[in-house]
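Novice: The structure under discussion is supplied below as structure tokens; questions concerning it will follow.
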Ligand code: ADP
Ligand code: MG
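Residue numbers (our numbering): -7 to 226.
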């Protein structure tokens, strides 16, 4: 039977299993979450510190589960004609609110020559959010996060640049290793998810960083997937 299962079937089987497991984990988590809230209401004050830690850890488990689910459902993405700038403009209020809270500024530098691409908008949104959040988490206040698009010779480039702490060579080698994190509240799955999204778009992701000098992630989408070239090439 196993040999009769095609690759796609096997992938969706893993996706289905992941979905039911995460469902089974989320339910007890929701119960713990609810009872924690009740406990705090019954004994306010004395346990606040413990309460905060438990809630943070619950959040962390939640992000791990969500990221893992997105990864495991690594099925063929549904692509649509979509503009990177539309996605960036949609995300901008969310990112700006986050940036305001942290004392960061966001700079948009969008090249109007960038064409529409064949994208999965939901995934690209997740990609940008993950990279932007990492950027913000690496900066103290007065940091600057730049979202840039530009045309390169063979690719349409999406660049997310921060003025944060930078990444050492040793850490760069581990960036895309599942569960590698240097953060107390990290999952170490954000960049793994980014890589899988970029690969589904037949793109490339590169990182350029200097300790103390900020970090720049570049996602290159092949120009062959732009809509105009797509149509004229047909
Ligand atoms: P998480 O953010 O949960 O730690 P990620 O996969 O998103 O997981 O990132 C893995 C690690 O890569 C981070 O813990 C951090 O050490 C490093 N990293 C990623 N992006 C940046 C960045 N822009 N600046 C500095 N370090 C980064
Ligand atoms: Mg992250």
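Every residue gets a Cβ at the ideal spot worked out from N, C-alpha and C, and that includes glycine.
For the 8 angstroms Cβ check, are there 3 or more pairs between the region 86 to 100 and the region 132 to 140?
Specialist: Touching, per the Cβ criterion.
Novice: Quick one: measure Cβ to Cβ for residue 28 and residue 46, integer angstroms, because I've assumed they're closer than 8 angstroms.
Specialist: Between residue 46 and residue 28 the Cβ distance is about 6 angstroms, and since that is below 8 angstroms, they are a contact.
Novice: Could you pull the DSSP bridge partners for residue 211 from this structure?
Specialist: Paired residues: 150, 197.
Novice: Less than 6 angstroms between C-beta atoms, sequence neighbours within five positions excluded: which residues of the same chain meet that for residue 194?
Specialist: Only 214 meet the Cβ criterion.
Novice: In the DSSP assignment, what are the bridge partners of residue 98?
Specialist: BP columns for residue 98 point to 137.
Novice: Decide yes or no for the touch test of the region 165 to 185 against the region 23 to 43: beta carbon pairs closer than 8 angstroms, at least 3 of them.
Specialist: In short, these stretches do not touch, since the Cβ pair count stays below three.
Novice: Tell me residue 163's beta-bridge partners as DSSP assigns them.
Specialist: Answer is none; residue 163 lacks a bridge partner.
Novice: Taking the alpha carbon of residue 72 as the reference point, which residue from 177, 58, 176, 110 has its own alpha carbon closest?
Specialist: Ranking 177, 58, 176, 110 by Cα distance to residue 72 puts 110 first.
Novice: Have a look at residue 62 and residue 70 and give me their C-alpha separation to the nearest angstrom.
Specialist: Computed Cα separation, rounded: 14 angstroms.
Novice: So, are the CB atoms of residue 124 and residue 181 less than 9 angstroms apart?
Specialist: Cβ atoms of residue 124 and residue 181: not closer than 9 angstroms.
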